[in-house]
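Trainee: First the structure, which I've put down as structure tokens, then a few questions once you've had a look.
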Amino acid sequence: MQLGTILKADAVKSIASCTSKKRLFHDLGELAEASYGLNAVDVIDALIDRENLGPTGVGQGIALPHARMPQADKVVGLFLRLEKPLDFDAVDRQPVDLVFALIAPQDAGVDHLKALALVSRTLRNNAICTKLRANSDANTLHTILTEVEASQAA
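Numbering (this note's numbering), first residue to last: -16 to 137.
Written out as structure tokens, the structure reads:
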């Protein structure tokens, strides 16, 4: 599995300001609908339900919200770069500015876990995060995220 197979270029966005975690989930829902044809309200509800089980802010300014939905037919990714960091109840209590969300089919099983591990591994790379934080162009952000695996594969 590679990020390029789960993250479409039009599912990447830089947002100037986001006022709350709930607003962030609305932005992710709208992006999922525009990029993958998923119902925005269903995505929002699924992300909020998952977040209620425990915060998905993993630390160092990164959040990995994820949810399973019966409407999803494959694992898909959404990436938001927030110009103004948002309080996300992260484990290290630091605000979040890089958000990579995953939506998976209800029965995705191991594919969902593989995608989560791949995203987590990618965003643990400080050099990648530095590049993501230094750029606001969506196409550049997508390239940064997807070219990593290409260079690692070579």
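For glycine and all other residues, C-beta sits at the position ideal for the given N, C-alpha and C.
Pull up the DSSP beta-bridge partners for Met52, would you.
Mentor: As a working mapping, residue 52 is identified with position 69 in the sequence shown. For Met52, which the question treats as bridged, DSSP gives the partners Pro88.
Trainee: Starting from the C-beta of Gly60, find all residues in its chain whose C-beta is less than 6 Å away, skip the five residues before and the five after it, and write them out in chain order.
Mentor: By 1-based counting over the sequence shown, the position of residue 60 is 77. Here the set comprises Ile(-11), Leu(-10), Leu85.
Trainee: Measuring straight from C-alpha to C-alpha, what distance separates Ala110 and Gly40?
Mentor: Position 127 of the sequence shown, counted from the start, is the residue given in the question as residue 110. Position 57 of the sequence shown, counted from the start, is the residue given in the question as residue 40. Their Cα atoms are separated by approximately 19 Å.
Trainee: With H, G and I counted as helix, E and B as strand and the rest as coil, what does DSSP make of Val144?
Mentor: Given a span of -16 to 137 for the chain in the structure shown, any question on residue 144 remains unanswerable.
Trainee: Measure from the alpha carbon of Lys4 to the alpha carbon of each residue in Leu47, Ser18, Leu(-14), then state which is nearest.
Mentor: Taking the first residue of the sequence shown as 1, we reach residue 4 at position 21. Nearest C-alpha to Lys4: Leu47.
Trainee: Between Lys114 and chain D, is the shortest Cβ-Cβ distance under 8 Å, so that the two count as touching?
Mentor: Absent from the structure is chain D; it holds one protein chain and no more.
Trainee: Between the alpha carbons of Ser(-3) and Leu21, how many angstroms are there, rounded?
Mentor: Residue numbering aside, residue -3 sits at position 14 when the sequence shown is read from its first letter. Residue numbering aside, residue 21 sits at position 38 when the sequence shown is read from its first letter. If you take the alpha carbons of Ser(-3) and Leu21, they lie about 20 Å apart.
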